[in-house]
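Number of protein chains: 2
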Amino acid sequence: MLSIQPYKGARDFYPEDKRIQKYMFNVLRSVVEQYGYEEYDSPVLESLDLYKAKSGQEIVNEQTYNFVDRGGRSVAIRPEMTPSVSRMVAGRRQELAYPARWYSIPNLWRYERPQKGRLREHWQLNVDVFGIESEHAEVELIQIADSIFRTFGASPDQYAIKVNSRKFVDYLFHDFFKLNKESAHKVIKLVDRMHKLETIKFESSLREIIAESKLESVVADEIITILKVKNIEYLPLPVRAHESLISLESLMNHLKNIGITNCFFDISLMRGFDYYTDIVFEVFDTNPENKRSIMGGGRYDGLVGLFGVNPVATVGFGLGDVVLLDFLNTHGLLPKIEVETDVYLIVLGNNFTYASGVASDLRKQGVNVAVDSSGKKVGQLIKNALKKKIPYVIFIGDNEASNKKIVLRRLADNHETEEEVSSASKEILDNKQ
Amino acid sequence: MLSIQPYKGARDFYPEDKRIQKYMFNVLRSVVEQYGYEEYDSPVLESLDLYKAKSGQEIVNEQTYNFVDRGGRSVAIRPEMTPSVSRMVAGRRQELAYPARWYSIPNLWRYERPQKGRLREHWQLNVDVFGIESEHAEVELIQIADSIFRTFGASPDQYAIKVNSRKFVDYLFHDFFKLNKESAHKVIKLVDRMHKLETIKFESSLREIIAESKLESVVADEIITILKVKNIEYLPLPVRAHESLISLESLMNHLKNIGITNCFFDISLMRGFDYYTDIVFEVFDTNPENKRSIMGGGRYDGLVGLFGVNPVATVGFGLGDVVLLDFLNTHGLLPKIEVETDVYLIVLGNNFTYASGVASDLRKQGVNVAVDSSGKKVGQLIKNALKKKIPYVIFIGDNEASNKKIVLRRLADNHETEEEVSSASKEILDNKQ
Chain A
1 MLSIQPYKGA RDFYPEDKRI QKYMFNVLRS VVEQYGYEEY DSPVLESLDL YKAKSGQEIV
61 NEQTYNFVDR GGRSVAIRPE MTPSVSRMVA GRRQELAYPA RWYSIPNLWR YERPQKGRLR
121 EHWQLNVDVF GIESEHAEVE LIQIADSIFR TFGASPDQYA IKVNSRKFVD YLFHDFFKLN
181 KESAHKVIKL VDRMHKLETI KFESSLREII AESKLESVVA DEIITILKVK NIEYLPLPVR
241 AHESLISLES LMNHLKNIGI TNCFFDISLM RGFDYYTDIV FEVFDTNPEN KRSIMGGGRY
301 DGLVGLFGVN PVATVGFGLG DVVLLDFLNT HGLLPKIEVE TDVYLIVLGN NFTYASGVAS
361 DLRKQGVNVA VDSSGKKVGQ LIKNALKKKI PYVIFIGDNE ASNKKIVLRR LADNHETEEE
421 VSSASKEILD NKQ
Chain B
434 MLSIQPYKGA RDFYPEDKRI QKYMFNVLRS VVEQYGYEEY DSPVLESLDL YKAKSGQEIV
494 NEQTYNFVDR GGRSVAIRPE MTPSVSRMVA GRRQELAYPA RWYSIPNLWR YERPQKGRLR
554 EHWQLNVDVF GIESEHAEVE LIQIADSIFR TFGASPDQYA IKVNSRKFVD YLFHDFFKLN
614 KESAHKVIKL VDRMHKLETI KFESSLREII AESKLESVVA DEIITILKVK NIEYLPLPVR
674 AHESLISLES LMNHLKNIGI TNCFFDISLM RGFDYYTDIV FEVFDTNPEN KRSIMGGGRY
734 DGLVGLFGVN PVATVGFGLG DVVLLDFLNT HGLLPKIEVE TDVYLIVLGN NFTYASGVAS
794 DLRKQGVNVA VDSSGKKVGQ LIKNALKKKI PYVIFIGDNE ASNKKIVLRR LADNHETEEE
854 VSSASKEILD NKQ
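Residue numbers (the numbering used here), protein chains in the order written: chain A, 1 to 433; chain B, 434 to 866.
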C-alpha cells in the first residue's frame, strides 16, 4: 500500500495552507515591486559545479541533493538561488541596464534534519540589486526588508536588523589579532555558530584554535572581550578607526535618517556563505520564543565574475517562508484569509442545465461559483459550504427554474431572499469588498 | 570557467519571460477560481513508488528523474501531479467535503530529448474534481478548458476539443475484435502514437500485432476502417449500441447545450496514462503549423483507492505552459504586457536623502518607483528607463530639493512638467488604468 505522507521534511499545501502561502507571497511581491524589482526564475535543477564554486563547502558536501543524470551530468536541486541569479546576470552582462533590480520566490532544497524553522524544502524570497557600488544599495535592501515587516503589521520592537562587515571581520582576525588564514577561517565559522553553543563550549573551542595556531592565550581573552561589544563606539581605538567601520556607521546613520530605528551593530554576525565581500545584515525575531534569523544578506561583488565576465557590484538578501510564517504566528500577525469561492450553488431536482446558465452569468459578473448537483440532502450540502468557508449559498429548484429567479442565503446569519441573478451578484460582490 | 547556460531542456525566465508566464498563470488562476477551484501544492520530490503504481511504465523507466537519497529512499522529481494530488486526497479522505475542487500549477520534470513543445522542465495547470460520479464532472472540466481558451481570446475554430471513452476502447479491442489482453494493450499503445507515424508504418505495425495474436488479417482491415470513423453515428451497429458510447453522446449533447460547438468524437484518442477509466478528452490546436495537444485529461476513479482508502470518483486535466505559449504565439493572442515599475526616479547631485523621501511618498500612494542615484549622464539614464519599458521618469536635483517639487517626464511623448509629488502620483496612477 502506498504511503499518504509527503517526502520527509517537505510539506503538502492543502488549500487552507496554500492560501496562507499565497497571502505571504502577495505581500512580498507587492513590497519589492514598489521598489522597482522585477521577478525572474530559473530551473530547480542546476549543474553541481555552480555550488562548488563559491557556496560554503558544508552546503555542497553534506547538504545538497545531487545526483548524476542519465547523460552523465552532475546536477543538484538548487539549495540557494544566488548562484543561479549570478549565472543569469552573467549570461546578459552586456545587455542589461544597471542597476538591475531582480527578485524571485524559488523553492530550495537542503538535506538536513528537519526541525522547527528548518525544513528540507522551503521557499525563499530572493531580492538582488546589480550595479550599485555605493551604500545606496545596502540602504535600499534593508529598507525593503523593513517595509516587508511593516507591511505584515509588525512593529519595530518585534524584529531587529543586525549589521556587520565582512571586511571588518577579516581585518579583525587576520590583521589585528594576526591569525593565519586557516585559523581565522575556523574562528569565523565558530563565531557564526556562537549563539547556538553554550558559552563554556564556545570559549573552550576558541582557546583550542588559538593554541593550535601558536598564539598566546591572551588573544583568546581579547577575542572574547571584543565579541561582547554591542556598539561600534565602544570598540578599542585602533580597531575603531578601520575604514570598514566608517562605512558601516555611515550606513547605520543613513538608515536612521530614513526612519529605521531598530538597526544594530553585531560583531558576531558572519553569515554562512563564503561569497560575501563587505557589509552583511540579518533580521532577527526579538521574541525570546522564536529567536531566529528571518532574513539575511549582504554584498557579494565577486560572484557574477566567476562566469568569465566583468564582475558587477551586487547586494542581495534571502527571506525564508518557514521562518517568516513562524514569525507571523508568534506575533499574531496572520489575518483571516478569505476563500476565493463566493457562492455554493445547490441544484435541486433535475435543473442542472438551468443552473449551469445561472452559474455562467454569475461568473461573467465576477462571482466565483462552485456548483453542487450531487442531489444530497440540503442540510449536508450547507454543511459542505460551511466547511469550505464559502459565504453564500444559492438554491435552484423547479420553482426558481420556472420563474427565472434564485434563492440566495447568506450563511453568516442565514438571511435568505428570492432574487434576480443580477441583484444577487451585486450583493455578493458588495460583501466581498 | 562556469557555464552561463541553464540545465539542458530547462528555461531561465528573465523578467520579460517571467512577465509572460505570470500573465498566463493569472488567466489560468482567474478562470479556475470562477468555477470554485482551490489551489494546493505538494513537494517537487516524491517517493518513486508513487509513479510505479499507476503511471505508464515508459514514464517511470525511461523518463523520470530519480535517485536514491542519503537516507536510502528512492525518490523522483515529479513527472506529473496526478499521483501527488491523489496521495493528498487519500490523506484526508474522510475530512474533505465533496465535491472537492482543486487546482495547482506545478513544475514537472521528464527526461526526454528537448523539442518544440516538449521540454525537460515545464509547468502544468492541473485541475481535478473529486467526488462527482455523474457526467456533470466531465461537463464542468471541459467547460473550464473552453473558458480558458476563450479568456485568452481564442475563437472556437482555433482549437478543437476531442473526446473518447476508455471503456469503449477496451470493449472494442477486447470484446468486439477479441484481442487478448496483451495484444489489445499493444494496439492501444500503437493507436496512441498513430498521428505521429506514417500511415503505411502504422498499418504494417498493426498487421504484425494481429498476426502475432493469431487472428485473421481481416481484423486488421476492420480496425483500420473503424479508426477512420469521425462520428459516433457512422460506427457499425453492434458497436454503436455500447453503453460507453451512449454516455459519450450524452456528454457531447450536454456540451452543445451550454454553447460548446467545437467538441468532436475521436476514436483514436487514447491518452498515454494507464490510470484513466472512462471518458478522456484533449484540446488540440487546429492550426496546421502547431497541431499539438495543449490540454488532456479524463476520469480516473481508481487512483485515490491505491492509498488504502475508499476510492473516489475523479475527473482531471493537465494543461502545459510550453504548448499553451506556442498556441498563444501561433494565433497572435499574447497581449502587450506592461512592466510593474511605474517610475524611474533619477537623483541628480547630492539629493539621495530627499529623493528617498519622495520615493517613499510615491510608494505609499501605490506608485512603484525604481531609484537611480548612480550619477551617470542623464541621456544614459533615460535610455535605461526606456530599455526597462518604464513609462515615466522623475528628476530630482538641487532646485527640486529646495522647492519641494519634482520634474515628471512621460517617455511616450517626452511631455515634461514640474509638479508636486501628489499631482505626479495622480497622473501616473491614472495612466496605469
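Note that beta-carbon positions come from the ideal geometry of N, C-alpha and C, so glycine has one too. Model, not experiment: these values are computed from the prediction.
Can at least three beta-carbon pairs, one atom from the region 287 to 302 of chain A and one from the region 310 to 319 of chain A, be found at a separation below 8 Å? Yes, the region 287 to 302 of chain A is in contact with the region 310 to 319 of chain A.
Through-space distance from Y40/A to D450/B, alpha-carbon basis: Annotation: D450/B to Y40/A spans about 8 Å, alpha carbon to alpha carbon.
Using 8 Å for Cβ pairs, my map puts M24/A next to D321/A. What's the rounded Cβ distance? So it is a contact: roughly 6 Å between Cβ atoms.
Is T199/A close to chain B? Criterion is C-beta to C-beta, closer than 7 Å. Closer than 7 Å: no.
For S475/B and M1/A, what's the separation of their Cα atoms in angstroms? Answer to the nearest angstrom: the Cα atoms are 20 Å apart.
Simplified DSSP assignment, three categories, for T330/A: Here T330/A sits in helix by DSSP.
For the alpha helix (DSSP H) that contains A90/A, what are its first and last residues? Residues T82 to G91.
E340/A at chain B interface by Cβ criterion, 7 Å: Yes - at least one Cβ of chain B is within 7 Å of the one on E340/A.
Going along chain B in order, which residues have a C-beta closer than 7 Å to the C-beta of Y7/A? Neighbours of Y7/A on chain B, chain order: P476, L478, E479, S480 and V508.
Checking the sheet assignment: what are the DSSP bridge partners for G751/B? According to DSSP, which records beta bridges pairwise, G751/B is partnered with N559/B and G729/B.
Between L381/A, G9/A and R29/A, which lies nearest to R101/A when the distance is taken from Cα to Cα? With distances taken between Cα atoms, R101/A lies closest to R29/A.
Are any of the Cβ atoms in chain B nearer than 7 Å to that of Q34/A? So, interface residue.
Once DSSP output is grouped into helix, strand and coil, what is the label at H185/A? In the three-state DSSP reduction, H185/A falls in the helix class (H, G or I).
Mark H569/B as exposed unless 16 or more other C-beta atoms lie within 10 angstroms of its C-beta, in which case mark it buried. H569/B is classed as buried because its beta carbon has at least 16 other beta carbons within 10 Å across all chains shown.
Does DSSP put T417/A in a helix, a strand or coil? Here T417/A sits in strand by DSSP.
Stretch pair the region 84 to 103 of chain A + the region 807 to 822 of chain B: three plus CB contacts closer than 8 Å: Enough Cβ pairs lie closer than 8 Å, so yes.
Counting pairs of Cβ atoms below 8 Å between the region 343 to 361 of chain A and the region 173 to 192 of chain A, do you hit three or more? Result no; under three Cβ-Cβ pairs closer than 8 Å.
Looking at the structure shown, is D17/A part of a helix, part of a strand, or coil, going by DSSP? Helix.
CB contact check: N801/B to chain A, cutoff 7 Å: Interface residue, yes.
So F785/B contacts chain A; which residues on that side make the cut at Cβ distance below 7 Å? Per Cβ cutoff of 7 Å: H136.
Inter-residue CB distance, A644/B and S637/B (contact presumed, cutoff 8 Å): At roughly 10 Å, the Cβ-Cβ gap does not stay under 8 Å, so A644/B and S637/B are not in contact.
Determine whether the Cβ of V121/A lies closer than 7 Å to any Cβ atom of chain B. In the sequence under discussion, the amino acid at residue 121/A is Glu, which differs from the Val named in the question. At least one chain B Cβ lies under 7 Å of E121/A.
Check the Cβ-Cβ distances between P15/A and every residue of chain B, and say whether any is below 7 Å. Yes, contact with chain B.
If you follow the alpha helix (DSSP H) that N401/B is part of, which residue opens it and which one closes it? Examination of residue 401/B is not possible in this model, given that chain B is present from 434 through 866 alone.
Check the Cβ of F740/B against every Cβ in chain A and list those closer than 9 Å, keeping chain order. F740/B reaches chain A at M1, L2, S3 and I4, counting residues in chain order whose Cβ is nearer than 9 Å.
Could you give the distance in angstroms between the alpha-carbon of I224/A and the alpha-carbon of R19/A? Cα to Cα, the separation comes out at about 47 Å.
Is R503/B helix, strand or coil when you go by DSSP? For R503/B, the secondary structure class from DSSP, reduced to helix, strand or coil, is coil.
Cβ-heavy atom distance between G812/B and the ligand COA below 6 Å? As presented, the structure is devoid of all ligands, the ligand COA included, so that no description of it is given.
Which of the residues in the region 529 to 540 of chain B, read from start to end, lie with their CB under 9 Å from any CB of chain A? Here the close residues are L529, A530, Y531, P532, A533, R534, W535, S537 and N540.
For A355/A, name the three-state secondary structure that DSSP assigns. Looking at A355/A - three-state DSSP - the assignment turns out to be helix.
How far does the beta strand (DSSP E) with S537/B in it extend, from its first residue to its last? Where S537/B is concerned, the enclosing beta strand (DSSP E) stretches over A533 to S537.
Where the alpha helix (DSSP H) containing N403/A begins and where it ends: Element bounds for N403/A: D398 to N403.
Starting from the C-beta of I510/B, find all residues in its chain whose C-beta is less than 7 Å away, skip the five residues before and the five after it, and write them out in chain order. A distance below 7 Å between beta-carbons, with the five flanking residues on each side excluded, links I510/B to the following residues of its chain, in chain order: V477, L478, Y498 and W542.
DSSP three-state call for R543/B: helix, strand or coil? Three-state DSSP puts R543/B in coil, outside helix and strand.
Using three-state DSSP, classify D285/A as helix, strand or coil. Per DSSP, reduced to three states, the secondary structure at D285/A is strand.
If the cut is a Cβ gap below 8 Å, which residues of chain A does G749/B touch? The contacting residues do not exist; G749/B stays about 16 Å from chain A at best.
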